[in-house]
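Chemist: Here it is, the structure in full.
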Amino acid sequence: VKQQVLMAAQQAGGQAQIDDSLLDEVTALVEWPQAIAGRFEKRFLDVPHEALISTMQDHQKYFPVVDEQGKLLPAFVTVANIESRDIQAVRTGNERVIRPRFADAMFFWDEDRSTPLKSHLDSLKSLVFQKRLGSVFDKVIRVEQLAAFIARQINADVSATRQAARLCKCDLQTQMVGEFPELQGVMGAHLARHEGLSDDIACALEDHYLPRRAGDELPRNDIGRALALADRLDTLIGIFAIGQPPTGAKDPFALRRAALGVLRIIIEQNLDLDLRELLQQAAEGLSMQVAEANDHVLGVFEFITERQHAYSTDRGIRPDVFQAVSATGTTRPLDFEQRMQAVNAFLALPEAEALAAANKRIGNILRKNGIEGEQTVNPKLLQDAAEKQLYQQITALENQVEQQLADNDFTAALNTLAGLALPVDAFFDQVMVMADDPDLKANRIALLQSISGLFMRIADIGQLQR
């Protein structure tokens, strides 16, 4: 079937645009396939091509024909389920069927172009987002506030972000989206360009729905990123706040997908954002509709963190590495990701196993002795050569590690801290931590705590498995 379709498109002067799922569907429907090329009037190419392609693929099971640059041509390929003696009759019949559908699309497009996109904003008040969370208009106002907050954080144009937020759901009330619901966002972008709005705003209207699925593309600019994050975070907090989080296999509001989208945008597009802070902002925006929204910030944060665990596992990050970083309590997904990558690199070092074991031992000592709060080492109480050497090594490395952490270079910091491996081993071999003298004991525990504290600036490597 594929070869026939490709050949028919070539005969029509172009290349077939083959969607794999459509090819599978057509292949399953026909027993005696015969690919036939048809044509339609060029005037229909004035309609946004996504609508024409949707009509051809979804309604008629046709394969669109494009030129070498991927631009749609006024042609299509259909696959008949019989070897016809009169190919022209089959071609004419299919051309006749597609014409009124394209004519409807052209009518809808002309009608929508005659009305400014922003004129649909008020009508969103009659469109329910969720009974307890208000209308789509209410959601747009919340998204505008949260997107503006995010825009300031990522140095995006706040005014343009607010404008895009106001328009981002307006195409839901257009005739084109009424006919082609799968083109929400896409039609908003086309109408924005038709009205002469900036390309950044037009892209954002389309991209704020991205990613739609696993592996999908991400928003192309910061305005789109701010909108995409705000839209998803508002939904996540809202649905949790009304007591409808995902349960087992049920996820009617696609919150798992929304959470993964938030993570992918932040991590893969290098946005240094505090997720806990964003959720707090989203909850405050919802407080008028749901008074208890603030009570669900932690729950949604933990839900998204669980998705980050799955996201990292899918990319080959070990569970113990995730737990080691999680112990630091970082609330920034990008920061979390960078720490995991640093720990992954640390695992390849020859000192990694010994230092992980030493940190586990240090953690046990600190817990058993109920050490809380930062303890101070008194250099005058250092007696044994091994503890003096360890203290000197820590002091020598501290400033370098501080600078590396200030630069968010966690990999370099762990490489530097790997230099503690030998003096730590010597300390445990030669020094009695639990000395009879309570001052000596406290000082040695403080020395160990300083080591733990340095590593905990990156991860709890004591949780790493051999």
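Just so we're aligned, residue 343 is where the sequence shown starts under this note's numbering, counting upward by one.
We treat Cβ as the ideally placed atom computed from N, Cα and C, and that holds for glycine.
Take every Cβ of the stretch 555-570, pair it with every Cβ of the stretch 476-496, and state whether three or more of those distances are shorter than 8 Å.
Modeler: Yes, they touch.
Chemist: In the DSSP assignment, find the beta strand (DSSP E) that holds L415 and state where it starts and stops.
Modeler: Segment 414-422, the beta strand (DSSP E) holding L415.
Chemist: Entirely within the stretch 689-749 and at least 4 residues each: give me those alpha helix (DSSP H) ranges in chain order.
Modeler: Within the stretch 689-749, the complete alpha helix (DSSP H) runs of at least 4 residues are 694-710, 727-748.
Chemist: Give the range of the beta strand (DSSP E) segment to which Q376 is assigned.
Modeler: Counting along the chain, the beta strand (DSSP E) containing Q376 begins and ends at 376-381.
Chemist: Report back the beta-carbon spacing between D614 and L676 to the nearest angstrom; my notes put them in contact at under 8 Å.
Modeler: Their Cβ separation, rounded to whole angstroms, is 5 Å, which keeps D614 and L676 in contact under 8 Å.
Chemist: Can you tell which of G557, A596, G580, R786 has its C-alpha closest to the C-alpha of A625?
Modeler: Of G557, A596, G580, R786, the residue nearest in Cα terms is G580.
Chemist: Check whether the Cβ atoms of A699 and D802 lie closer than 8 Å to each other.
Modeler: Their beta carbons are not under 8 Å apart, which means A699 does not touch D802 by this criterion.
Chemist: Buried or exposed for Q805, going by 16 or more other Cβ atoms inside 10 Å?
Modeler: With 16 or more Cβ atoms within 10 Å of its Cβ, Q805 is classed as buried.
Chemist: Taking the alpha carbon of E740 as the reference point, which residue from F444, L387, G795 has its own alpha carbon closest?
Modeler: Measuring from the Cα of E740, the nearest candidate turns out to be G795.
Chemist: Would you mind stating whether H462 and C512 have Cβ atoms separated by less than 8 Å?
Modeler: Yes, the pair counts as a contact, with Cβ atoms nearer than the cut-off.
Chemist: Closer than 6 Å by C-beta to A728: which residues in its own chain qualify, once you throw out the five before and the five after it? Chain order, please.
Modeler: Cβ within range, chain order: A768, F769, Q772, V773.
Chemist: The alpha helix (DSSP H) with V528 in it runs from where to where?
Modeler: Counting along the chain, the alpha helix (DSSP H) containing V528 begins and ends at 528-536.
Chemist: Let me confirm a value: N785 is counted as buried when at least 16 other C-beta atoms fall within 10 Å, else exposed. Which label applies?
Modeler: Classification of N785: buried, given that the 10 Å Cβ count is 16 or more.
Chemist: Could you check the C-alpha separation between Q357 and V419 for me, to the nearest Å?
Modeler: When rounded, the distance between both Cα atoms is 10 Å.
Chemist: Buried or exposed: where does A354 fall if 16 or more other Cβ atoms within 10 Å of its Cβ makes it buried?
Modeler: Classification for A354: buried.
Chemist: Taking its Cβ as the centre, do 16 or more other Cβ atoms sit within 10 Å of V766, making it buried, or is it exposed?
Modeler: Buried, by the Cβ-count rule.
Chemist: Kindly indicate which residue of A694, F449, A534, N612 has the alpha-carbon position closest to the one of A393.
Modeler: Of the candidates A694, F449, A534, N612, the one whose C-alpha sits nearest the C-alpha of A393 is F449.
Chemist: Compute the beta-carbon to beta-carbon distance between R649 and R598, rounded to the nearest angstrom, for a pair I have assumed lies under 8 Å.
Modeler: Sure, about 6 Å apart at Cβ, within 8 Å.
Chemist: Given 8 Å as the limit, is there contact between the stretch 504-524 and the stretch 477-489, that is, 3 or more CB pairs closer than that?
Modeler: The answer is yes - the stretch 477-489 touches the stretch 504-524, with three or more Cβ pairs under 8 Å.
Chemist: Starting from P661 and walking both ways along the alpha helix (DSSP H), at which residues does that stretch end?
Modeler: Run containing P661: 661-668, per the alpha helix (DSSP H) assignment.
Chemist: Is it true that the stretch 473-483 meets the stretch 545-561, where meeting means three or more beta-carbon pairs spaced less than 8 Å apart?
Modeler: In short, these stretches do not touch, since the Cβ pair count stays below three.
Chemist: What is the residue span of the beta strand (DSSP E) that P406 lies within?
Modeler: Residues 405-408.
Chemist: I'd like to know if the stretch 440-449 and the stretch 463-478 are in contact, where contact means that at least 3 CB-CB pairs between them fall below 8 Å.
Modeler: No: the two stretches stay apart, fewer than three of their Cβ pairs being nearer than 8 Å.
Chemist: Among the residues of its own chain, which have a CB less than 6 Å from the CB of Q742, if the five just before and after it don't count?
Modeler: T758.
Chemist: Per the DSSP calculation, T589 is bridged to which residue(s)?
Modeler: According to DSSP, T589 bridges with K592.
Chemist: Find the nearest neighbour of N563 within the set M529, E521, D499, judged by alpha-carbon distance.
Modeler: Comparing Cα positions, the closest option is D499.
Chemist: Give a yes or no on whether the minimum CB-CB distance between S540 and chain B is below 8 Å.
Modeler: Note that chain B does not occur in the displayed structure, where there is just one protein chain.
Chemist: Apart from the five residues just before and just after A696, which ones in its own chain have a Cβ nearer than 7 Å to its Cβ?
Modeler: Once the five neighbours on either side are set aside, the close Cβ partners of A696 are A763, D767.
Chemist: Tell me S603's beta-bridge partners as DSSP assigns them.
Modeler: The amino acid occupying residue 603 in the given sequence is Gly; Ser does not appear at that position. According to DSSP, G603 bridges with nothing at all.
Chemist: Is F809 helix, strand or coil by DSSP?
Modeler: The chain is shown only over 343 to 808; residue 809 falls outside these bounds and no answer can be derived.
Chemist: Would you kindly work out how many angstroms separate the C-alpha atoms of R474 and Q430, rounded to a whole number?
Modeler: When rounded, the distance between both Cα atoms is 57 Å.
Chemist: Can you tell me which of the three DSSP states S477 falls into?
Modeler: In the structure shown, S477 sits in a strand (DSSP, three-state: E or B).
Chemist: Would you mind sorting L617 into buried or exposed? The rule is 16 or more other CB atoms within 10 Å of its CB.
Modeler: Buried, since its Cβ has 16 or more Cβ neighbours within 10 Å.
Chemist: Return the chain-ordered ranges of every alpha helix (DSSP H) run that is complete within the stretch 489-525 and spans a minimum of 4 residues.
Modeler: Here the runs fully enclosed are 500-509, 517-521.
Chemist: When you compare the CB positions of I584 and V632, do they come within less than 8 Å of one another, or not?
Modeler: Yes.
Chemist: Could you pull out every residue in the same chain whose Cβ sits closer than 8 Å to the Cβ of P416, ignoring the five residues on either side in sequence?
Modeler: Counting only Cβ-Cβ distances below 8 Å, and skipping sequence neighbours, we find R381, F382, E383, K384, F386, L387.
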